[in-house]
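Read the structure below first, then the notes.
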Amino acid sequence: MLLSNRRSLTLRLTLLFATGSTLVLLALGYVIERSVDRHFTEQDLEVLNGKMELARHALARTRSPAELKELPQRLNDSLVGHHGVSIAVVSGDGKTLFSTPSMRFPEVLLKQDTSSDKTPPFIWNEQQDSYRGISSLAPVGIAHEPPAHIVVAIDISSHRMFFESFRITLWLFMALAAVSTGILGWIVTRRALVPLHEMKRVADQVTANSLGYRLPVDSVPVELAELAHTLNEMLVRLEDSFKRLSDFSSDLAHELRTPISNLMTQTQVALARPRSEDEYRELLYSNSEEFERLARMISDMLYLAKADNGLLVPDLESIDLAQEVQELLDFYEALAEASDIRLYSTGAAHVKGDKLMLRRAMSNLLSNALRYSEAGSSVRVNIAQDSHGTTLAVENHGQTIAPEHLPRLFDRFYRVDASRHRASEGVGLGLAITRSIIQAHRGSIAVTSTNGLTRVTISLPQAIGIDALEYPNTGHGNQAA
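Under numbering that gives the first Met the number 0, the first residue of the sequence shown carries the number 0, and numbering increases by one thereafter.
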């Protein structure tokens with residue numbers, strides 16, 4: 000049922016072209032037919048009016064009854080050489096003064112009301128012949144003689160035969176022309192749709208493993224160039240998404256393989272021979288750490304899945320960023336002292352947002368900054384708020400990150416240096432989660448790294464900010480060391 004309602008584009012364009020051309024041909028045929036018919040009518044009327052004027056002139060010159068008796072001979076002489084033309088003259092008292100022999104004029108024409116002095120042409124058939132006639136009143140030159148009734152007719156059988164033959168030929172030609180235009184329209188449409196077939200051929204070659212094909216934009220008509228460009232952009236997005244998905248799947252498998260492999264190895268080694276209670280307890284502690292790592296990874300992946308599907312909806316409340324940052328600095332104070340790193344915060348701002356989500360984002364940034372800071376350096380958090388929104392920047396001193404790595408720092412499982420992965424406890428999802436949280440707050444996050452200074456900046460729009468509160472500026476900020 001569905002297929003029966005579908006028509007190819009070629010068929011639709013062919014039908015439209017054939018219908019339009021057929022309508023034009025019908026209109027043209029009608030105009031030609033009417034023009035030819037009008038030509039013959041005007042030609043006949045020219046002859047009829049000429050003979051009518053001749054008969055009227057003859058009656059006007061009749062001055063006596065004797066001349067009236069000579070009228071038939073004069074009228075008969077006037078018809079010499081005009082085959083098919085007939086005249087009848089009826090006096091005012093109903094007496095026929097002249098009538099072309101063997102010609103029968105219809106009573107309706109002989110008795111037609113001619114008070115207007117001119118009557119429209121009348122057409123009638125006599126056996127197999129057709130005639131066109133006109134009638135008119137004409138004054139007689141005899142005094143006190145009432146006007147006579149003149150009827151002039153012409154045989155139009157030959158015109159009718161020609162016109163019927165012409166009409167058949169015309170409409171037969173129009174029918175053939177309509178069919179020809181339909182066939183021509185189909186051929187033209189097929190050739191015009193060749194670029195679409197080429198686009199289809201290229202699209203058929205696109206698979207999940209071969210997304211590098213692109214539609215030819217320069218070789219297609221202007222009307223299809225925009226479509227081809229849009230499809231190419233879609234292929235670029237799909238290729239990028241498939242690459243990211245493939246990389247993510249590989250990274251996820253790699254990340255899961257390590258703790259699972261550790262668990263299997265430790266368990267197999269423990270089962271290889273009898274162990275003491277303390278050895279089994281130590282093995283369980285080690286396995287517990289791996290399980291915790293797996294649990295964190297799974298929890299982070301579920302969190303990112305919610306973000307990808309638009310399920311990460313912040314619960315807005317008023318947040319004092321300076322207070323939240325200070326609490327986080329207090330939490331990381333012991334870790335910072337162990338690494339000989341100083342912690343600072345400056346500025347203040349209030350925003351509307353989800354406290355737990357933003358706290359998690361800032362915690363990820365601080366943890367990352369401490370992990371990659373040089374001993375004896377400092378980590379600084381700068382907060383600022385203006386009419387455009389709120390910014391929070393986390394700065395740390397360490398190894399400069401190459402520019403080619405900066406755009407991918409927020410990708411899942413991405414690490415600038417793979418060797419760092421072994422020494423860290425993270426699973427490479429912290430920055431990805433941070434970006435998802437900021438995007439859920441309609442904000443943005445960016446990173447720069449020059450001359451050993453790496454800065455990650457969070458920007459929250461004015462839409463979720465509230466009026467900034469005035470805080471005293473000591474010039475030193477809040478320090479946790």
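Virtual Cβ for every residue (Gly too), placed ideally from N, Cα, C.
Burial state of residue i, where buried means 16 or more other Cβ atoms lie within 10 Å
i: GLN384; result: buried
i: TYR284; result: exposed
i: ASP43; result: buried
i: ILE382; result: buried
i: ILE437; result: buried
i: LYS242; result: exposed
i: ALA348; result: buried
i: ALA321; result: buried
i: SER135; result: buried
i: ALA57; result: buried
i: PRO220; result: exposed
Backbone CA spacing between residue i and residue j [nearest angstrom]
i: THR447; j: GLU276; result: 52 Å
i: ARG411; j: GLY397; result: 22 Å
i: PRO138; j: GLU66; result: 15 Å
i: GLU106; j: GLU69; result: 25 Å
i: LYS351; j: MET198; result: 50 Å
i: SER482; j: ALA445; result: The requested residue 482 does not occur in the structure, where the chain is confined to residues 0 to 480.
i: ALA59; j: SER34; result: 37 Å
i: GLU254; j: TRP185; result: 60 Å
i: ARG73; j: LEU53; result: 10 Å
i: ILE31; j: SER179; result: 20 Å
i: VAL268; j: VAL324; result: 45 Å
i: PHE39; j: ASN124; result: 17 Å
i: TYR29; j: THR13; result: 24 Å
i: PHE16; j: PHE172; result: 18 Å
i: PRO100; j: PRO64; result: 22 Å
i: VAL46; j: HIS158; result: 14 Å
Span of the alpha helix (DSSP H) around residue i
i: SER157; result: 156 to 191
i: THR18; result: 8 to 59
i: LEU328; result: 320 to 330
Unbroken beta strand (DSSP E) run spanning residue i, endpoints
i: GLU289; result: It is not in any beta strand (DSSP E) - GLU289 instead sits in the alpha helix (DSSP H) that spans 276 to 307.
i: ASN363; result: Element bounds for ASN363: not the beta strand (DSSP E) but the alpha helix (DSSP H), 354 to 370.
i: ARG379; result: 377 to 385
i: LEU395; result: Just to set this straight, residue 395 is Asn in the shown sequence, not Leu. Unbroken beta strand (DSSP E) run through ASN395: 388 to 396.
i: LEU342; result: 341 to 345
Own chain partners of residue i with C-beta closer than 8 Å, once the 5 adjacent residues on each side are dropped
i: ASP339; result: ALA374, GLY375
i: GLY211; result: GLU238
i: SER372; result: SER338, ILE340, VAL378, ASN395, HIS396, GLY397
i: VAL201; result: TYR212, ARG213, LEU214, PRO215
i: PHE104; result: SER85, ALA87, SER98, GLY132, VAL150, ALA152
i: LEU96; result: LEU67, LEU70, PRO71, VAL88, VAL89, SER90, ALA147
i: LEU315; result: LYS351, GLY352, ASP353, ILE463
i: LEU109; result: ALA87, VAL89, SER134, HIS148, VAL150
i: GLU407; result: Reading the sequence as shown, one finds Arg at residue 407 and not Glu. Once the five neighbours on either side are set aside, the close Cβ partners of ARG407 are TYR413.
i: LEU240; result: The amino acid at residue 240 is misidentified as Leu; the sequence shows Ser. Answer for SER240: no residue qualifies.
i: LEU195; result: LEU8, LEU223
Contacting residues, own chain, Cβ-Cβ under 7 Å from residue i (five flanking each side not counted)
i: LEU364; result: VAL393, THR433, VAL455
i: LEU452; result: GLU394, HIS396
i: ASP154; result: GLY83, ASP128, TYR130
Chain-order list of residues whose beta-carbon lies under 6 Å from that of residue i (same chain, five-residue window excluded)
i: ALA439; result: LEU311, PRO313
i: PHE409; result: LEU430, ALA431, ARG434
i: ALA224; result: VAL216
i: PRO120; result: ARG131, ILE133
The ligand PLP heavy atom lying under 6 Å from the CB of residue i
i: ARG256; result: Looking at this structure, you won't find the ligand PLP or any other ligand, since it has none at all.
Alpha helix (DSSP H) runs contained entirely in the region 77 to 144, provided each spans 4 or more residues:
106 to 109
Minimum length 4: unbroken alpha helix (DSSP H) runs contained in the region 423 to 456:
429 to 439
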